[in-house]
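Asks:
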Amino acid sequence: MVSHVRTVAFQGIEAVPVDVQVMVAPGKVGMQIVGLPDKAVAESRERVQAALHASGLSMPAKRVTVNLAPADLPKEGSHYDLPIALGLMAALGAIPGDSLSGYVVLGELSLDGTIAPVAGALPAAIGANADGRGLICPHQCGSEAAWAGADIDIIAPRSLIAVANHFRGTQVLSRPEPAIREQARNLPDLADIKGQESARRALEVAAAGGHNLLMVGPPGSGKSMLAQRLPSILPPLTASELLEVSMVASIAGVLADGKLSDRRPFRAPHHSASMAAMVGGGLRVKPGEVSLAHCGVLFLDEFPEFTPQVLDSLRQPLESGECMIARANHRVTYPARFQLVAAMNPCRCGMAGEPGHRCARGPRCQADYQARISGPLMDRIDLRVEVPAVSATDLIRPGQSEGSAAVAERVARARHIQRERAAELGQTPALTNANLTN
Numbered sequence: 007m008v009s010h011v012r013t014v015a016f017q018g019i020e021a022v023p024v025d026v027q028v029m030v031a032p033g034k035v036g037m038q039i040v041g042l043p044d045k046a047v048a049e050s051r052e053r054v055q056a057a058l059h060a061s062g063l064s065m066p067a068k069r070v071t072v073n074l075a076p077a078d079l080p081k082e083g084s085h086y087d088l089p090i091a092l093g094l095m096a097a098l099g100a101i102p103g104d105s106l107s108g109y110v111v112l113g114e115l116s117l118d119g120t121i122a123p124v125a126g127a128l129p130a131a132i133g134a135n136a137d138g139r140g141l142i143c144p145h146q147c148g149s150e151a152a153w154a155g156a157d158i159d160i161i162a163p164r165s166l167i168a169v170a171n172h173f174r175g176t177q178v179l180s181r182p183e184p185a186i187r188e189q190a191r192n193l194p195d196l197a198d199i200k201g202q203e204s205a206r207r208a209l210e211v212a213a214a215g216g217h218n219l220l221m222v223g224p225p226g227s228g229k230s231m232l233a234q235r236l237p238s239i240l241p242p243l244t245a246s247e248l249l250e251v252s253m254v255a256s257i258a259g260v261l262a263d264g265k266l267s268d269r270r271p272f273r274a275p276h277h278s279a280s281m282a283a284m285v286g287g288g289l290r291v292k293p294g295e296v297s298l299a300h301c302g303v304l305f306l307d308e309f310p311e312f313t314p315q316v317l318d319s320l321r322q323p324l325e326s327g328e329c330m331i332a333r334a335n336h337r338v339t340y341p342a343r344f345q346l347v348a349a350m351n352p353c354r355c356g357m358a359g360e361p362g363h364r365c366a367r368g369p370r371c372q373a374d375y376q377a378r379i380s381g382p383l384m385d386r387i388d389l390r391v392e393v394p395a396v397s398a399t400d401l402i403r404p405g406q407s408e409g410s411a412a413v414a415e416r417v418a419r420a421r422h423i424q425r426e427r428a429a430e431l432g433q434t435p436a437l438t439n440a441n442l443t444n
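Just add 6 to wherever you are in the sequence shown, counting from 1, and you've got our numbering.
Here is the structure:
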């Protein structure tokens with residue numbers, strides 16, 4: 007007898023259907039998994055056998071063959087444990103054979119039969135909902151998966167035996183509710199900034215139009231402080247943006263407790279970050295910083311200190327809003343529509359152009375330092391602003407500067423005007439001036 011269970015493989019943020027076929031037949035006792043599995047999938051047979059034993063179901067003294075179809079699609083990750091185990095239980099008659107036909111299943115098994123959280127529950131749920139199926143996922147991922155739709159049937163058990171009892175009718179598992187992560191609303195405020203009126207204005211223009219911004223100034227002038235306050239004047243994520251951002255975070259495994267957040271991402275990688283960390287990649291392809299900053303801000307401090315290869319790798323995502331990672335047998339595409347904010351010193355010693363200071367390395371220091379940034383990358387940066395050192399007069403000036411709340415209102419009005427204008431021009435997906443194509 008062959009039992010079938012539907013699960014998924016991930017290509018970017020897309021969930022590709024995978025048919026888990028389990029056959030129990032006479033032959034040499036053992037369990038074999040075929041269908042281009044990686045190491046984590048191949049090791050699942052040990053976890054599945056231990057979890058079944060812990061749940062009170064012994065393995066048959068027969069040959070068990072598991073095929074993951076289509077066989078030419080690479081299978082990566084530990085989320086195949088649960089569909090393999092449920093397929094084996096269906097083949098042995100431990101649960102009704104047709105009970106799993108309307109579900110997509112994913113989850114990692116512990117040796118004691120509990121179900122551990124996995125990455126990608128939200129994309130899997132959205133794919134299942136589009137296919138008219140329900141979803142069986144770990145309990146910790148239930149709140150995340152519930153955002154796929156109000157009508158999708160979601161079962162989020164804590165253990166393997168709980169799933170079996172649910173389909174036997176001896177236990178009822180209620181549908182999880184979608185959850186938003188509670189966050190403190192006291193973001194860094196623009197009122198903390200003393201002086202720097204031109205830089206504050208540039209930050210507001212960049213926020214309103216979604217423009218990339220480069221700030222140049224000596225150490226201590228407030229470049230990083232300004233960049234860290236950009237999220238406080240940006241509008242919250244729209245419903246569609248919220249799902250896109252959360253799908254990327256889900257695939258990367260950084261969606262805390264399965265709860266979504268309506269705040270725009272703010273990523274600030276160190277200048278020693280590798281190309282794989284920046285644009286994505288690795289042995290098992292994962293989203294990089296540019297994708298984790300999707301619909302948000304990517305802040306690169308000490309801009310010229312990043313390696314030239316890493317900086318030039320930003321050119322394609324900045325142009326297309328996507329990040330494509332090519333492998334020998336497949337390619338993966340992640341969304342990467344982000345706002346780049348960079349900060350740098352004017353020269354290596356940092357004091358070029360400041361009154362009363364002379365560059366220690368001569369006039370070529372500034373040119374050589376800024377030449378580390380290629381021309382094509384500079385062409386993709388819309389705004390450049392000088393951020394001079396703050397004077398003592400500005401520091402002791404009484405009263406506070408304008409706060410983020412007032413600036414955020416102007417940014418929201420500007421974005422509303424841009425959306426209306428873009429719709430009139432037939433550029434509906436373009437929400438800001440930076441996205442317009444003509």
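Glycine included, every Cβ here is placed at the ideal spot set by N, Cα and C.
#1: So, are the CB atoms of P341 and V254 less than 9 Å apart?
#2: Output yes or no for whether 9 Å exceeds the beta carbon distance between L266 and R187.
#3: Return the Cβ separation of A134 and I158 in integer angstroms, given the expectation that the two are a contact with Cβ distance under 8 Å.
#4: Using the Cα positions of G138 and A156, report the straight-line distance between them to the nearest angstrom.
#5: When DSSP labels each residue in this structure, what does A332 get in the three-state scheme?
#6: Please list the terminal residues of the continuous beta strand (DSSP E) segment that includes D25.
#7: On the DSSP bridge list, what partners appear for F445?
#8: Looking only at its chain, what residues have a beta carbon closer than 6 Å to the beta carbon of L94, apart from the 5 residues adjacent to it on each side?
#9: I'd like the span of the beta strand (DSSP E) that includes R69, first residue to last.
#10: Which class does E392 belong to by DSSP, given the choice of helix, strand or coil?
#11: To the nearest angstrom, how far is the alpha carbon of L220 from that of A348?
#12: Nearest by alpha-carbon distance to F344: which of V316, N441 and L106 is it?
#13: For P242, count the other beta carbons within 10 Å of its own beta carbon; 16 or more makes it buried, fewer makes it exposed. Which is it?
#14: In the DSSP assignment, what are the bridge partners of M284?
#15: Do you know offhand how far L324's Cα is from L298's?
#16: Is the stretch 222-233 in contact with the stretch 350-366, if contact means three or more CB pairs nearer than 8 Å?
#17: Between which two residues does the beta strand (DSSP E) containing A398 stretch?
#18: Using alpha carbons as the reference points, say which of L401, A15 and I19 lies closest to P80.
#19: Where does L243 fall in DSSP's three states?
#20: Round the Cβ separation of P184 and R235 to the nearest angstrom and send it over; I've been treating them as touching at under 8 Å.
#21: Between the alpha carbons of E203 and H422, how many angstroms are there, rounded?
#22: Just to confirm my understanding: we take G216, look at its own chain, exclude 5 residues before and 5 after, and list those with CB closer than 6 Å. What are they?
#23: Taking 6 Å as the limit between beta carbons, can you name the residues of its chain near L232, skipping five residues before and five after?
#24: Can you name, in chain order, every residue of its own chain whose Cβ lies under 7 Å from the Cβ of S256, other than the five neighbours on each side?
#25: Please classify A262: is it buried, with 16 or more other beta-carbons within 10 angstroms of its beta-carbon, or exposed?
#26: Which runs of the alpha helix (DSSP H) fall wholly inside the stretch 179-228 and span at least 4 residues, in chain order?
#27: Determine the closest residue to P76 out of V70, P43 and S9, with distance taken between C-alpha atoms.
#28: For V316, I'd like the list of residues in its chain whose CB is within less than 6 Å of its CB, leaving aside the five on either flank, ordered along the chain.
#29: Taking the alpha-carbon positions, what's the R181 to E114 distance?
#30: In angstroms, rounded to a whole number, what distance separates the CA positions of T339 and V296?
#31: From which residue to which residue does the alpha helix (DSSP H) around Y375 run?
#32: Just list the alpha helix (DSSP H) runs in the stretch 116-166, keeping only unbroken ones of 4 residues or longer that don't cross its boundaries, in chain order.
#33: Quick one: residues in its chain with C-beta nearer than 6 Å to the C-beta of R290, no 5 flanking neighbours on either side, listed in chain order?
#34: Let me make sure I understand the geometry here. Which of R370, K200 and A213 has the alpha-carbon closest to that of A398?
#35: So what does DSSP say about P102, is it helix, strand or coil?
#36: Would you be able to state if there are at least three C-beta pairs under 8 Å between the stretch 164-179 and the stretch 53-65?
Replies: Reading off the structure:
#1: Judged by their CB atoms, P341 and V254 are nearer to each other than the 9 Å cut-off.
#2: Less than 9 Å separates the beta-carbon of L266 from that of R187.
#3: With a Cβ gap of about 7 Å, A134 and I158 count as contacting.
#4: Between the C-alpha atoms of G138 and A156 there is a straight-line separation of about 13 Å.
#5: Three-state DSSP puts A332 in a strand.
#6: Looking at the DSSP string, the run of the beta strand (DSSP E) that includes D25 is E20 to A31.
#7: One cannot answer for residue 445 here, as it falls past the ends of the chain, which runs 7 to 444.
#8: The residues are V28.
#9: R69 to A75 is the extent of the beta strand (DSSP E) around R69.
#10: DSSP, read as helix, strand or coil, puts E392 in strand.
#11: Going from the Cα of L220 to the Cα of A348 covers about 5 Å.
#12: For F344, the nearest C-alpha among the options comes from N441.
#13: Taking a 10 Å sphere around the C-beta of P242, we find fewer than 16 other C-beta atoms and assign the residue as exposed.
#14: M284 is not bridged by DSSP to any residue.
#15: A straight-line Cα-Cα distance of about 14 Å links L324 and L298.
#16: By the Cβ criterion, the stretch 222-233 is in contact with the stretch 350-366, since at least three pairs of Cβ atoms, one from each stretch, lie closer than 8 Å.
#17: Annotation: A398 is outside any beta strand (DSSP E); the continuous alpha helix (DSSP H) that includes it extends over A398 to I402.
#18: For P80, the closest alpha carbon among the candidates L401, A15 and I19 is that of A15.
#19: Assignment of L243 by DSSP, reduced to helix, strand and coil, places it in the coil class.
#20: Not a contact, Cβ separation roughly 30 Å.
#21: Looking at the two C-alpha atoms, the distance is approximately 25 Å.
#22: Taking G216 as the centre and dropping the five residues before and after it, the same chain places the C-beta of Q345, T438 and A440 closer than 6 Å to its C-beta, in chain order.
#23: Around L232, the same chain offers A205 and L209 as residues with beta carbons nearer than 6 Å, after the five sequence neighbours per side are excluded.
#24: Within the same chain, S256 has close Cβ partners A125, G126, A127, L128, P129 and E150.
#25: Exposed, because fewer than 16 other Cβ atoms sit within 10 Å of the Cβ of A262.
#26: The alpha helix (DSSP H) runs lying completely inside the stretch 179-228 and spanning 4 residues or more are 203-215, given in chain order.
#27: Nearest of V70, P43 and S9 to P76, Cα basis: P43.
#28: If we look at V316 and ignore the five residues flanking it on each side, its Cβ neighbours are M281 and M284.
#29: Annotation: R181 to E114 spans about 20 Å, alpha carbon to alpha carbon.
#30: Rounded to the nearest whole angstrom, the CA to CA distance from T339 to V296 is 12 Å.
#31: Residues R370 to Q376.
#32: 127-136 and 148-151, all fully within the stretch 116-166.
#33: Answer for R290: E82, listed in chain order.
#34: If we check each option's Cα against that of A398, K200 comes out closest.
#35: In the displayed model, P102 falls within coil according to three-state DSSP, outside both helix and strand.
#36: Short answer: they touch.
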